[in-house]
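Asker: Quick one: the structure is below, questions incoming.
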């Protein structure tokens with residue numbers, strides 16, 4: 118039996134990397150952004166296949182995009198209530214979760230009639246695994262950038278002033294917090310991931 | 037096969053109802069989230085012993101609500117202002133006199149930035165801070181002149 122392998126959507130599939138790099142400049146932003154993308158994908162993965170029976174094919178696309186937009190807007194409101202500074206940092210990228218790479222790939226996958234993937238696993242299980250990997254990777258990328266770039270670690274605590282650990286009293290490489298630095302760092306992480314996957318003899322997309 | 041007129045109407049009504057339901061859900065969530073944000077802003081802006089009431093709203097993306105604070109020293113307008121730049125984002129509490137002059141600025145919180153928490157150095161991290169404060173100041177002056185009754 119072929120062993121099941123779901124590649125990391127960010128490092129292997131490069132899914133949603135532009136908003137991720139622009140938005141996730143700290144651990145807190147990475148967690149809040151990744152959680153939003155994961156929850157939207159889970160909702161779409163659970164609801165869209167069920168709507169195929171009740172919504173006509175020609176209305177599927179606008180209906181699912183409307184559902185995605187509603188989920189993203191509701192999540193953005195919750196994030197703003199939870200922590201206004203984190204939501205302010207994520208800015209337009211919270212509502213844009215509606216059309217994030219992860220949401221769109223989930224929509225595409227869920228709109229096919231087959232409920233099973235090529236390896237026999239359920240499509241929702243694959244969506245859930247990808248969503249979890251997206252959340253963990255976004256948190257990792259955000260935290261890594263913040264530690265290397267600013268020497269701090271911002272925790273996603275509720276309220277108007279998130280808790281922050283100051284690891285060193287200077288910013289080691291402030292450029293890593295900028296989008297350009299984020300892309301450079303992500304490039305190295307992608308290379309490391311692909312090298313690791315190849316060393317273990319897995320196929321990659 | 038083409039749908040007849042009656043089926044089309046039913047389908048359109050069903051889609052409109054579903055979209056209305058989604059809008060309702062988003063509206064309810066936004067309402068509760070907005071109430072919580074407003075409560076936090078009031079707590080952050082009101083000095084001890086002063087009364088605070090909503091004075092008005094603004095469409096400016098950097099400040100949403102303006103509050104009227106009645107303290108022993110006299111009335112003042114206040115708002116929580118969001119600043120953004122390449123350095124990061126921060127929330128500051130700003131108080132204005134009814135003539136629109138800035139009374140004081142207070143750093144409330146930030147995310148992903150190693151910012152100076154001294155309001156005098158805000159321009160180092162946020163070059164457009166003076167422009168934002170000028171707009172907020174004009175809003176305070178406008179509300180004082182228009183004499184809008186504060187909302188409780």
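Chains as they are written, first to last, in my numbering: chain X, 118 to 322; chain S, 37 to 188. Glycine is no exception: its CB is placed at the ideal position from the N, C-alpha and C atoms.
1) Please report the distance separating the alpha-carbon of residue 158 (chain X) from that of residue 248 (chain X).
2) Which first and last residues belong to the beta strand (DSSP E) in which residue 107 (chain S) is found?
3) Is the CB of residue 138 (chain S) under 7 angstroms away from at least one CB in chain X?
4) State yes or no: is the beta carbon of residue 103 (chain X) nearer than 7 angstroms to at least one beta carbon in chain S?
5) Put residue 320 (chain X) into one of helix, strand or coil per three-state DSSP.
6) For residue 93 (chain S), which residues in the same chain have their Cβ closer than 8 angstroms to its Cβ, ignoring the five residues on either side in sequence?
7) Quick check on the burial criterion: 16 or more other C-beta atoms within 10 angstroms. Buried or exposed for residue 254 (chain X)?
8) Rounded to a whole number of angstroms, what is the C-alpha to C-alpha distance between residue 272 (chain X) and residue 166 (chain X)?
9) Taking the alpha carbon of residue 168 (chain X) as the point to measure from, which residue in X:258, X:227, X:200 has its own alpha carbon closest?
10) Rounded to whole angstroms, how far is the Cβ of residue 185 (chain X) from the Cβ of residue 215 (chain X), which I believe are closer than 8 angstroms?
11) Starting from residue 134 (chain X), trace the alpha helix (DSSP H) both ways and give me its first and last residue.
12) Using a cut-off of 7 angstroms between C-beta atoms, extract the partners of residue 69 (chain S) located in chain X.
13) Quick one: Cα of residue 118 (chain X) to Cα of residue 279 (chain X), how far?
14) Which chain X residues are close to residue 56 (chain S), counting only those with a beta carbon under 7 angstroms from its beta carbon?
15) Mapping DSSP to helix, strand and coil, what is residue 130 (chain X)?
16) Which residues does DSSP list as the beta-bridge partners of residue 116 (chain S)?
17) At a CB distance below 7 angstroms, what residues from the segment 72 to 84 of chain S approach chain X? Give them in sequence order.
18) Comparing C-alpha positions only, which one of S:133, S:124, S:137, S:143 sits nearest to residue 117 (chain S)?
19) Which residues in chain S sit within 8 angstroms of residue 254 (chain X), going by Cβ to Cβ distance?
20) Please state if the CB of residue 187 (chain X) and the CB of residue 58 (chain S) are separated by a distance shorter than 7 angstroms.
21) DSSP on residue 168 (chain X), reduced to helix/strand/coil?
Answerer: Let me spell this out:
1) Cα to Cα, the separation comes out at about 6 angstroms.
2) Note, residue 107 (chain S): beta strand (DSSP E), 101 to 107.
3) When Cβ-Cβ separations below 7 angstroms define contact, residue 138 (chain S) makes no contact with chain X.
4) In the structure as shown, chain X starts at 118 and stops at 322, and residue 103 (chain X) therefore has no counterpart that could be examined.
5) Collapsing the DSSP output to three states places residue 320 (chain X) in coil.
6) So the list reads 100, 101, 102, once near-sequence residues are dropped.
7) By the beta-carbon neighbour count (other beta carbons within 10 angstroms, threshold 16), residue 254 (chain X) is buried.
8) Spanning the alpha carbons of residue 272 (chain X) and residue 166 (chain X) requires a straight line of approximately 36 angstroms.
9) Out of X:258, X:227, X:200, X:227 has the C-alpha closest to the C-alpha of residue 168 (chain X).
10) Cβ-Cβ separation between residue 185 (chain X) and residue 215 (chain X): approximately 5 angstroms, consistent with a contact (criterion under 8 angstroms).
11) Here the alpha helix (DSSP H) through residue 134 (chain X) covers 134 to 140.
12) Neighbourhood of residue 69 (chain S) in chain X, by CB distance below 7 angstroms: 194, 195, 197, 198, in chain order.
13) The predicted position of residue 118 (chain X) is uncertain, since its pLDDT is 48 and thus under 50; a value taken from the coordinates is nonetheless stated next. In a straight line, the C-alpha of residue 118 (chain X) is about 48 angstroms away from that of residue 279 (chain X).
14) Using a Cβ-Cβ cut-off of 7 angstroms, residue 56 (chain S) is close to nothing in chain X; its nearest Cβ partner there is about 11 angstroms away.
15) Residue 130 (chain X): coil per DSSP, three-state reduction.
16) In DSSP, residue 116 (chain S) forms a bridge with S:129.
17) Under the 7 angstroms Cβ criterion, the segment 72 to 84 of chain S contributes 72, 73, 76, 80.
18) Per the Cα distances, S:143.
19) Per Cβ cutoff of 8 angstroms: no residues; residue 254 (chain X) is ~17 angstroms from chain S at best.
20) Cβ distance < 7 angstroms, so residue 58 (chain S) and residue 187 (chain X) count as in contact.
21) Under the three-state reduction of DSSP output, residue 168 (chain X) falls in the helix class.
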